[in-house]
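Novice: Dropping the structure in here first, questions after.
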Amino acid sequence: MSEAQRTPFVESLLEAAAQAQLPGSGIGWLDAARRENLEAFAAAGLPDTRMEAWKYTALRALGQRRFEPGDAQAATRAVDDATYALPGVDGPALVFVNGVFRADLSRIDSLPAGLSLLPLSHALNGDAEPLRFALSRHYREGGDAFARLNAALAGDGVVLRVAAGAKVAQAVHLVMIGAAAESDLAWHVRHIVELGEDAELSLVEHHVASGEQQHLGTQVADVVLRKGAQLRHVTLQNSSAGGTLVRHNSVQLDEDAQASLYVLELGGALVRHDLHATLAGDRARMETRGVFVLNGRQHVDTQMALRHQALNTASDSIWRGVADQRSRGVFRGAIVVAPGADGSDASLSSKNLLLSGQAEIDTKPELEIYADEVKAAHGATVGQLDERSLFYLRSRGIPLTEARAILTAAFCRAVFESLDNDALREHLDQQLMAHLPSA
Amino acid sequence: MTTETTDRSDTPATLRDNAEVAAALGRRYEAGFVTDIETDYLPAGLSEDIVRQLSALKKEPEWMTEWRLKAYRHWLTMPMPDWAKLKLAPIDYQSISYYAAPKSAPKSLDEVDPKLLETYDKLGVPLHERAKLAGVAVDAVFDSVSVGTTFRKELAEAGVIFCSMSEAIREHPELVQKYLGSVVPTGDNFFAALNSAVFSDGSFVFVPKGVRCPMELSTYFRINAINTGQFERTLIVCEDDAYVSYLEGCTAPMRDENQLHAAVVELVALERAQIKYSTVQNWYPGDENGVGGIYNFVTKRGDCRGNDSKISWTQVETGSAITWKYPSCVLRGDRSVGEFYSVALTHHRQQADTGTKMIHIGKGTKSKIVSKGISAGRSNNSYRGLVKVEKGAEGARNYTQCDSLLIGKKCGAHTFPYMEVKNPTAIVEHEATTSKISDDQMFYCRSRGIGEEDAVSMIVDGFCKQVFRELPMEFAVEAKKLLEVSLEGAVG
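Residue numbers (the working numbering), protein chains in the order written: chain H, 127 to 565; chain S, 153 to 644.
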């Protein structure tokens with residue numbers, strides 16, 4: 127892309143990069159990685175819909191917008207802690223307001239044994255070498271514009287490590303708050319999470335809004351589970367109705383590692399979630415559960431790719447979508463079984479409810495299989511509530527709107543059934559119910 | 153699209169597999185002979201002059217020449233698509249000869265070069281006798297021109313027009329002008345544009361109002377000459393309440409070069425009309441190392457224009473080095489029905505990226521997709537399908553079932569279904585599974601004294617049954633035999 131063709135979006139972010147005072151600058155490899163990712167972003171700009179991974183998400187409107195580099199007042203903005211309090215989640219917490227770490231809102235003073243948790247900005251001031259592998263990554267895929275941007279501009283985030291054998295009982299709460307500001311901001315967070323051998327962790331990733339705003343948030347997270355580690359990762363995305371949020375999460379599972387992921391997408395105007403998981407060690411197991419409930423003109427795009435790379439690995443995915451009014455829900459769930467990954471067992475279900483004539487659902491479950499000792503299946507549906515079930519409820523005196531609400535809730539709630547934090551599960555169900563139409 | 157190699161380090165087990173596969177001779181391609189007859193070529197290369205020359209050679213009217221030129225000019229502006237999951241060497245469009253015809257132009261079937269007839273005999277398409285016995289009317293396309301259409305008279309009595317495309321352009325220009333390019337426009341895609349510019353022949357079927365075509369119509373395609381491409385164009389129009397069943401078969405001789413086959417098939421079904429289109433595709437697939445073979449890049453689309461119309465595609469794809477096609481249905485009429493039944497088998501280094509598109513536009517439209525993919529050797533077999541429900545398609549219904557069977561450890565089976573739904577009363581369902589022939593199944597058959605290859609072919613036959621029973625009987629028998637031959641050496 128020549129200079130003349132640069133969109134306002136790319137221009138404003140390049141200006142931001144020129145002014146940015148990022149923590150860790152001066153570290154040679156980090157500067158180089160930031161520079162190269164920025165150059166790649168500047169050269170390619172935003173992907174268009176001709177690119178397969180962005181087929182259903184047009185970024186033309188975003189490309190015409192400008193974002194201010196960062197929030198100078200982020201450290202002092204008043205945020206009510208009720209906006210992000212979650213029942214059942216009272217362990218250590220790290221809070222970021224517009225991408226900036228807020229020590230005053232966080233709880234990291236008395237950490238349980240084996241847990242190391244600190245903001246990236248602090249980690250970079252100490253010994254940055256352990257972060258080198260994650261932070262010197264170059265994003266080479268054409269569609270990785272936001273990951274490049276994040277790699278170039280992220281100044282904060284979480285560095286979380288659980289020592290081998292440590293079992294952290296309390297859930298760790300990561301809060302990303304988009305707070306109302308004087309102008310539209312772009313903020314970026316970068317998380318690095320590592321669970322040592324046989325470690326256990328429960329993590330809650332939480333995106334919320336404080337006041338109305340139309341910021342752009344980007345997040346890149348690398349999660350690694352060493353041999354035998356177990357992770358439960360819950361994401362509650364309830365960001366500002368006008369906001370744009372792009373998340374790029376990678377998970378790697380070594381031998382015997384187990385991960386359960388729960389995702390509830392409620393907020394945001396334009397939301398994109400890339401989830402890449404690699405079952406890299408033998409007998410690794412992964413469970414993903416997700417729901418999106420959309421209305422207004424929301425556009426939520428989830429792109430999940432699970433790669434089975436070792437022997438006897440298993441993955442099980444259940445995703446539900448509800449689209450009402452003029453919203454659009456996009457889901458891609460790809461399962462790749464690499465050559466030699468015998469004994470893989472993969473299943474995926476994507477079921478969607480389309481509630482309005484102006485809404486749209488695009489779903490694309492994929493299988494890419496290169497091994498023959500494999501069990502792989504996927505199913506996808508788009509439709510509406512079952513007429514017979516509605517009839518059944520109505521014949522028992524339940525009014526139509528209520529019957530619809532009951533069935534819609536039941537359609538989505540199955541997803542969180544296996545979540546073993548009761549208080550949190552109930553909270554997610556409530557949030558879900560509150561977002562469902564005509565409840 | 154990413155393309156990955158499927159190579160793995162050889163374990164002792166795979167070494168043994170290889171040895172036995174090699175010992176089993178790979179596949180025998182029975183249609184791989186060359187017929188030695190004199191052929192008229194156009195020089196290799198493509199330009200406006202070639203398009204004009206081709207049009208002149210075929211004594212086409214002015215409007216047809218212009219139509220071709222328009223398509224050619226459009227083609228020049230188009231890039232070759234690259235989104236399929238295929239590994240494909242660049243094609244040099246200037247090295248292909250776009251026209252090859254047997255030198256002695258036949259006046260009637262009895263004047264057809266006996267050698268040509270022999271070729272068809274070897275292929276099992278005797279134009280005279282067996283066609284009559286079987287009651288199948290055959291239009292045979294040899295390289296680029298149609299060499300004769302049987303059963304002309306019987307069909308004419310019913311009012312059905314079944315002739316070569318060249319003849320249709322001369323004899324029925326009003327029909328051709330009305331329908332040609334109305335389903336697949338000249339600029340629809342790269343290969344359709346190329347075909348529109350240089351198509352040499354093909355079949356034309358017109359079934360008038362209320363007529364049920366008294367016999368199954370059939371076309372046999374064969375690429376014989378070296379360094380040629382085959383670009384045939386088929387157009388089938390069924391007027392109100394008409395019905396036709398159409399069969400298509402394809403073969404080519406064995407050669408080391410890749411040959412391009414870029415056909416376009418257009419189907420038009422008016423009110424309450426039904427078209428059933430069956431294909432058994434057995435182009436030369438290349439040898440076991442992936443040398444040679446046909447590139448089969450075909451655009452097939454049916455347009456259910458009338459209410460209550462129905463178009464059904466059935467395909468058995470065992471040949472071609474690369475198959476890249478998506479027979480589609482545009483369900484425009486209310487309550488129209490689209491069906492797609494497919495068996496795609498790949499072996500050795502064959503690649504297939506095939507599937508269908510069902511575009512629901514009318515109210516109460518229904519579609520059903522049943523796809524069975526079988527991969528063996530080092531082949532890659534992808535199903536790619538689109539089900540799209542537009543806003544106005546109240547009560548649209550789709551059911552898709554897509555199963556893959558893997559035979560061996562070095563092949564790949566992939567599924568890429570796209571579902572785009574814009575109407576809340578629509579129901580769209582997709583299911584897919586991937587499996588291999590289980591040891592239990594094999595053990596069961598073997599313990600009852602069934603040989604290994606027979607057991608495999610029995611199991612594969614069962615796997616494909618849902619599709620085979622959609623085929624007309626003669627084709628079902630051929631399809632079964634083809635699978636058996638194609639799978640030879642796949643197990644060991």
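Here a beta-carbon is modelled for each residue, glycine too, at the ideal position from N, C-alpha and C. All values derive from a computational prediction rather than experimental measurement.
On the CB-based measure, 16 or more other CB atoms within 10 Å of its CB, does S/Y436 come out buried or exposed?
Specialist: Buried, since its Cβ has 16 or more Cβ neighbours within 10 Å.
Novice: Indicate whether at least one CB of chain S lies closer than 8 Å to the CB of H/E494.
Specialist: yes
Novice: Applying a beta-carbon distance threshold of less than 9 Å, which residues of chain S neighbour H/P195?
Specialist: Correct list: empty, because the minimum Cβ distance to chain S is about 35 Å.
Novice: Which same chain residues end up closer than 6 Å to H/E331 when comparing Cβ atoms and leaving out the 5 residues on each side of it in sequence?
Specialist: L300, T361
Novice: Grab the span of the alpha helix (DSSP H) containing S/V203 for me, first residue to last.
Specialist: 200–209
Novice: Should H/Y604 be labelled buried (16 or more other beta-carbon atoms within 10 Å of its own) or exposed?
Specialist: The shown model of chain H, from 127 to 565, leaves out residue 604 of chain H, and the question about it has no answer.
Novice: Strictly under 8 Å for the Cβ-Cβ distance: is S/K588 near chain H by that measure?
Specialist: At least one chain H Cβ lies under 8 Å of S/K588.
Novice: Run through DSSP, which three-state label would S/Y245 get?
Specialist: coil
Novice: Contact criterion: CB-CB distance below 8 Å. Does S/A496 meet it with respect to chain H?
Specialist: no
Novice: What are the start and end residues of the beta strand (DSSP E) that includes S/D647?
Specialist: Residue 647 of chain S falls outside the range modelled here, since chain S spans only 153 to 644, and no answer is possible.
Novice: How about S/G560: is its C-beta nearer than 8 Å to some C-beta of chain H?
Specialist: yes
Novice: Excluding the 5 residues flanking H/A306 on each side, which residues of the same chain have their C-beta closer than 7 Å to its C-beta?
Specialist: S336, G337, E338, Q339
Novice: Using beta-carbon positions only, say whether S/L387 and S/Y429 come within less than 8 Å of one another.
Specialist: no
Novice: What residue range does the beta strand (DSSP E) around H/L390 cover?
Specialist: 384–391
Novice: Where H/D427 and S/H499 are concerned, what is the direct C-alpha to C-alpha distance, given to the nearest angstrom?
Specialist: 37 Å
Novice: On a CA-only basis, which of S/R501, S/L399, S/K305 is nearest S/Y447? Give me that one, please.
Specialist: S/R501
Novice: Our contact map puts S/S397 next to S/R424 with C-beta atoms below 8 Å; I'd like the distance itself, whole angstroms only.
Specialist: Contact flag wrong, Cβ pair sits at about 16 Å.
Novice: What are the residues that DSSP puts in a beta bridge with H/S328?
Specialist: Answer is H/R358, bridged to H/S328.
Novice: Under 8 Å, Cβ to Cβ, is there at least one residue of chain H near S/A565?
Specialist: Taking Cβ atoms only, chain H reaches closer than 8 Å to S/A565, which makes this a yes.
Novice: Please classify H/R458: does DSSP put it in a helix, a strand, or coil?
Specialist: strand
Novice: Taking 7 Å as the limit between beta carbons, can you name the residues of its chain near H/P563, skipping five residues before and five after?
Specialist: N421, D450, L481
Novice: Starting from H/R415, trace the beta strand (DSSP E) both ways and give me its first and last residue.
Specialist: Where H/R415 is concerned, the enclosing beta strand (DSSP E) stretches over 411–420.
Novice: Return no unless some Cβ of chain H is closer than 8 Å to the Cβ of S/E604.
Specialist: no
Novice: Would you say S/S556 lies against chain H (beta-carbon separation less than 8 Å)?
Specialist: yes
Novice: Determine the closest residue to S/R453 out of S/E546, S/S249, S/T466, with distance taken between C-alpha atoms.
Specialist: That would be S/T466, whose Cα lies nearest to the Cα of S/R453.
Novice: Which partner residues does S/A584 have in the DSSP bridge list?
Specialist: Residue pairing by DSSP puts S/A584 in a beta bridge opposite H/H504, S/C554.
Novice: Given 8 Å as the limit, is there contact between the segment 571–589 of chain S and the segment 503–517 of chain H, that is, 3 or more CB pairs closer than that?
Specialist: yes
Novice: Give me the residue from H/V397, H/L432, H/A529, H/T209 with the minimum Cα distance to H/R411.
Specialist: H/L432
Novice: Rank S/N533, S/K524, S/D592 by C-alpha distance to the C-alpha of S/G614 and give the top, closest one.
Specialist: S/K524
Novice: When you compare only the Cα positions, how much space is there between S/S472 and H/Q378?
Specialist: 39 Å
Novice: Could you check where the beta strand (DSSP E) with S/M610 kicks off and where it finishes?
Specialist: Note, S/M610: premise wrong, no beta strand (DSSP E); alpha helix (DSSP H) at 604–620.
Novice: CB H/A289 to CB S/K561, shorter than 8 Å?
Specialist: Remark: C-beta atoms of H/A289 and S/K561 do not approach each other more closely than 8 Å.
Novice: Provide the residue(s) that pair with H/R233 in DSSP beta bridges, ordered along the chain.
Specialist: H/A219
Novice: Once you ignore the five residues that flank S/T157 on each side, which residues in its own chain have a CB closer than 6 Å to its CB?
Specialist: With a pLDDT of 38 at S/T157, under the threshold of 50, the modelled position of that residue is not reliable, and the figure given next carries that caveat. For S/T157, where only same-chain residues beyond five positions count, there are no Cβ hits under 6 Å.
Novice: Can you grab the Cα-Cα spacing for the pair S/E570 / H/E178, in whole Å?
Specialist: According to the sequence displayed, residue 570 of chain S carries Tyr and not Glu. Answer to the nearest angstrom: the Cα atoms are 11 Å apart.
Novice: Please confirm if S/K575 has its CB atom under 8 Å from at least one CB of chain H.
Specialist: One detail in the question is off: residue 575 of chain S reads as Asn in this sequence, not Lys. Cβ-Cβ to chain H under 8 Å: yes for S/N575.
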